[in-house]
Amino acid sequence: MNERVILQNILERDRVIAVVGLSNLPHRPSHSVAAYMQAHGYRIVPINPAYANDSAGVLGERCYATLADAARALAEEQASIDMVNVFRRADDVLPVAADAVAIGAKSLWLQVGVVNEEAAALAVAAGLDVAMDVCVKVEHERVFGALHRAHAPAPRVPGQLVE
Numbered sequence: 001m002n003e004r005v006i007l008q009n010i011l012e013r014d015r016v017i018a019v020v021g022l023s024n025l026p027h028r029p030s031h032s033v034a035a036y037m038q039a040h041g042y043r044i045v046p047i048n049p050a051y052a053n054d055s056a057g058v059l060g061e062r063c064y065a066t067l068a069d070a071a072r073a074l075a076e077e078q079a080s081i082d083m084v085n086v087f088r089r090a091d092d093v094l095p096v097a098a099d100a101v102a103i104g105a106k107s108l109w110l111q112v113g114v115v116n117e118e119a120a121a122l123a124v125a126a127g128l129d130v131a132m133d134v135c136v137k138v139e140h141e142r143v144f145g146a147l148h149r150a151h152a153p154a155p156r157v158p159g160q161l162v163e
């Protein structure tokens, strides 16, 4: 199966997205990408210890300090995290990948500029689908949005699917 089909399958399957490093500042990429995905029917679960005690949350959703905290809270609702979308420096990703495995996520999605081969290998070995150095918003637009409707090729964005 080619990379584009795999990314499309992830986007069709994974409807609950934990966004690690989600900011409440609208000008930050994490905020605009998460807001876009939320507007397109995905449930966003903010992960950022800086906002975990903020009653306002982020994007109207309760924010959690850790993936484990979020997974426990969602389990009480009979829900679970499907995708872990990471807006953190590459050096910070290995423990996030380990947490994604521990909570039973289906995929680990590292945003543009985030490349960590060790974290990707850990996730792949545990059976997660991994997208690395790829923007989830750009891929969604390509598959389901204006880029798809226009039959235009996706913008050139660095990225790779890890198998």
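For the sequence shown, the positions run 1 to 163 when UniProt numbering is used.
Beta carbons are placed, not taken as given, at the ideal position from N, Cα and C, and that holds for glycine.
A check of alpha carbon separations from Ala56 across Leu25, Val86, Ser32 and Ala79 identifies Leu25 as the nearest. Distance from Tyr64 to Val45 at the Cβ level is roughly 7 Å; contact confirmed, criterion being Cβ atoms closer than 8 Å. Arg62 and Asn48 have their C-alpha atoms some 10 Å from each other.
For Asp99, there is no enclosing beta strand (DSSP E); the enclosing alpha helix (DSSP H) has its first and last residue at Val93 to Ala102. According to DSSP, Ile6 shares a beta bridge with no other residue. Our two residues, His40 and Lys137, have alpha carbons roughly 10 Å apart in a direct line. For Ala18, the closest C-alpha among the options Glu77, Leu108 and Glu76 is that of Leu108. Taken atom to atom, the span from the alpha-carbon of Gly104 to that of Ile81 is near 8 Å. Uninterrupted beta strand (DSSP E) stretches at least 3 residues long and entirely within the UniProt domain "CoA-binding" (10-114) occur at 16-20, 43-47, 83-86 and 107-110, given in chain order.
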